[in-house]
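Below is one structure, written out as structure tokens; the observations come after it.
Residue numbers (the numbering used here), protein chains in the order written: chain A, 1 to 151; chain B, 1001 to 1169.
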């Protein structure tokens, strides 16, 4: 069950998390609770997998390069193909989606060459073609995700 | 210019800031920097835009946002930037990227993401987005996610590499 404090921590600190020596104490002061309460609430949110981390979201393609990749894989092969793909350290998201292109993953590598090599390797290992969809422009200003936690 | 120490710093924080009284001091100790240097460098990386956002990264699925749709559209090249910015201004939208069309196989060039508590809510939001952004005549497909095989923040090898180098002196 989410407490008021949990909700505040989830919604108010997706951006502008304090960059100060004592960020949790600063948050505690802003919310009128103790630092220990803030620390244990973040601990709980982290243990319950409600937050993945407190940290950076790196601008795409600012370090190395990345691309979205799509594949059309018949249902009977999807599970093992997905497993092969997830095993690559270069892969960070890998989702099944409802479409004829049903497997979608994001590749991150230092260089374009390495990205191409991983794609070629995946195609050889799985026997399915990959559609490479690099980002051309990013229109989104990342302000975090506005959670409606009241219903 | 990103300095080597910044890669090490990103490597040290990309899995998450420690939940401890002096978290930046914990990071500083690993990198032989001062706490203040860590804070200053993170501030700078954020101001430069390399760190797009610094804070709590939530897990939508765990928080009741089970429905996640990637919507792909075919927008005329000369208006894709304007449409992209318009779409991004809506609260329900999480990501909005332009990507290359793949001929007739995949004629879409604009991608956005909507997270919602149900399919119905996502479809409602998409419908109102279509109306307000002038997209009623635009070809699109809605791709709801089914299974999540892997999800984690991007781990940059260069950053990992630097971390190893840092650890090995």
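Even for Gly, the Cβ is constructed at its ideal location relative to N, Cα and C.
- Distance from the CA of residue 71/A to the CA of residue 61/A, rounded to the nearest whole angstrom, comes to 22 Å.
- One thing to note: residue 1015/B has its Cβ within 8 Å of the Cβ of residue 53/A.
- Excluding residues up to 5 positions away in sequence, 1096, 1098, 1110 lie with their Cβ nearer than 7 Å to the Cβ of residue 1084/B in the same chain.
- Counting along the chain, residue 6/A sits inside no beta strand (DSSP E); it lies in the alpha helix (DSSP H) bounded by residues 4–12.
- An exposed status is given to residue 1137/B, since fewer than 16 other beta-carbon atoms sit within 10 Å of its beta-carbon.
- Contact between the segment 39–57 of chain A and the segment 1036–1056 of chain B is present: three or more C-beta pairs spanning the two stretches fall below 8 Å.
- For residue 1141/B, the nearest beta carbon of chain A is closer than 8 Å to its own beta carbon.
- Contact of residue 94/A with chain B is assigned, a C-beta pair being separated by under 8 Å.
- For the 8 Å CB-CB criterion, residue 118/A and residue 103/A do not form a contact.
- Nearest Cα to residue 111/A within the set 85/A, 77/A, 66/A: 66/A.
- Contact check between the segment 1105–1122 of chain B and the segment 1074–1092 of chain B: three or more CB pairs, one atom from each, fall below 8 Å, which counts as touching.
- Here the alpha carbon of residue 1092/B sits roughly 22 Å from the alpha carbon of residue 1147/B.
- For residue 72/A, there is no enclosing alpha helix (DSSP H), as DSSP marks it with neither H nor E.
- With distances taken between CA atoms, residue 1037/B lies nearest to 1024/B out of 1046/B, 1047/B, 1024/B.
- Beta-carbon to beta-carbon, residue 31/A and residue 8/A are separated by about 6 Å, close enough to satisfy the 8 Å threshold.
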